Structure formats: C-alpha cells, structure tokens
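Numbering (this note's numbering), first residue to last: 113 to 250.
Accompanying notes for the structure given below.
Here it is, written out as structure tokens:
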C-alpha cells in the first residue's frame, strides 16, 4: 500500500476531539492495524488532542490545533501541534502518574507512551508544541 497522509486543522474546542477520532477511524480503516491497536491508537490521539486543546492552547477558541496522520512504510505517524507554546516536562507527569492516587487526570502522557512505539515532544517556547507519535503496523 502506498504511503498516505491526512492533515486536519481544528479550533480549540473540546468537542472537536470526537471529529478527529472519526477522521482517524476513516483514515486507518485500510491500514494493517489490528482492531485492538486501532482502538488504542485512537485513545492516544484523543488524549494528545485533548491535551493540546486544554493545556497547550488553554482552550482558546481563537487558536487552532493541527493534526497529521501519515503512513511511512510500516509506520503510522501522528503529529499534533498546538500554538500555545507552553513548555513542560513530560517526564515529570509520567513519573507522578505512577504515584498519583487522587482525582482525575494526569495520566495521559503515560497512557500515550504505553500505547505508542515512539512518543516525543518538540517545544518552541511561546510559539508551538509538537507531539510526535508512531506505531508500527503489523
């Protein structure tokens, strides 16, 4: 199968995550992902998009989030870019997840890292945050 790609731009509104999940399901349908992997990747995408909207862009409806789905050989690659430009230490949040036993939230980075084969952040302070995730397709 040739490489594919899809670019999506959404306003920073929580309800937009549902549309992104639907677009991912449509994009991933012809890919060689198991049903379990597809559901898990959809969960990781939902978490990344929700974080970009809520934390990265502070749910500012005048801002947007860019999302790219692409295949390169046997890899599915997801890029999620917000324009809040807020730096943070993802490893800190991953570490506290293992100890945290209060309230909701705070487990997303750990969850995404567990689901995906690769996960990294690129920060450009006061400009953007880019989340890179990849998953090997079987």
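Each residue gets a CB set at the ideal place from its N, CA and C atoms; glycine is no exception.
Model, not experiment: these values are computed from the prediction.
If we count the other Cβ atoms within 10 Å of its Cβ and call it buried at 16 or more, is residue 113 buried or exposed? On the chain shown, residue 113 is found 1 positions in, with the first residue counted as 1. Using a 10 angstroms sphere on the CB of residue 113, the tally of other CB atoms stays under 16, which defines it as exposed.
Pick from 242, 182, 132 that is closest to residue 168, judged by C-alpha positions: As a first step, residue 168 is located in the chain shown; it is residue number 56 there, counting from the start. Comparing Cα-Cα distances from residue 168 to each of 242, 182, 132, the minimum goes to 242.
Grab me the residues of residue 224's own chain with a C-beta within less than 7 Å of its C-beta, minus the 5 sequence neighbours each way, in chain order. Within the chain shown, the letter at position 112 stands for residue 224. Answer for residue 224: 156, 159, 160, 231, 245, listed in chain order.
Closest to residue 239 by C-alpha separation, out of 229, 184, 129, 177, would be which residue? For the purposes of this step, residue 239 is taken as residue 127 along the chain shown, with counting starting at 1. For the residues 229, 184, 129, 177, the minimum Cα distance to residue 239 belongs to 177.
Going by C-alpha distance, which of 234, 229, 136, 228 is nearest residue 179? Within the chain shown, residue 179 is the residue found at index 67, counting from 1. Here the closest residue by C-alpha is 136.
If you draw a straight line from the alpha carbon of residue 234 to that of residue 123, how long is it in whole angstroms? Within the chain shown, residue 234 is the residue found at index 122, counting from 1. Within the chain shown, residue 123 is the residue found at index 11, counting from 1. Rounded to whole angstroms, residue 234 to residue 123 spans 21 Å at the Cα level.
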